[in-house]
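J.: Counting in UniProt numbering, the sequence shown runs without a single skipped number right up to 146 at its last residue.
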Amino acid sequence: MWFSRRKKYYTTKYLQKHSALFDQLDLVTYEEVMRLSQYRRKTLVLLGAHGVGRRHIKNTLIHRHPNRFAYPIPHTTRPPRKEEVDGKHYFFVSNDQMLVDIQNNEYLEYGTHEESMYGTKLETIRNIHKSGKVAILDVEPQALKV
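1. Secondary structure at K121, three-state DSSP: helix, strand or coil?
2. Would you report the Cα separation of G111 and Y118, rounded to the nearest angstrom?
3. Looking at L44 and V100, is the spacing between their C-beta atoms short of 8 Å?
4. Alpha carbon to alpha carbon, how far is F91 from E31?
5. Among the residues of its own chain, which have a CB less than 8 Å from the CB of residue 148, if the five just before and after it don't count?
6. Is the segment 120-140 touching the segment 50-69 in the sense that three or more CB pairs, one from each, lie closer than 8 Å?
7. Quick one: what does DSSP say H75 is sitting in, helix, strand or coil?
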């Protein structure tokens, strides 16, 4: 029967006559490590897929070093919940205002979740830099604009 035949697999064997070709190729087996000059870092970007621990790293750094690290307060178009304070938990803006700011390239990253828009405005990051702290950003790759 045609369906009981085994599929033929073809393998390419290593031939010594091809070794000269491999000798000509550049194979990097060592990369020199250099010490960077010290300068004050302004932003730490934690980039990774959903669920890999970006938020845990961010919260740990801010909790252990509150005078060194800060997280930019995001902007959102959703209405505030009863315990949330504008400027502390989120900056609450209108949908039209957020769309205008996006058109003016005022957001580093933005996206939509459950019919509300969320984003990180560049000005909030600059304010962290002005206070002498390092801004920590934890973003998902699909939220970044290129």
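Built from N, CA and C at the ideal position, the CB exists for glycine as well.
T.: The short version:
1. Strand at K121.
2. 6 Å
3. With respect to L44, V100 sits apart: the two C-beta atoms are not nearer than 8 Å.
4. C-alpha of F91 to C-alpha of E31: approximately 46 Å in a straight line.
5. Since the displayed the chain opens at 1 and closes at 146, residue 148 lies outside it and no answer follows.
6. yes
7. strand
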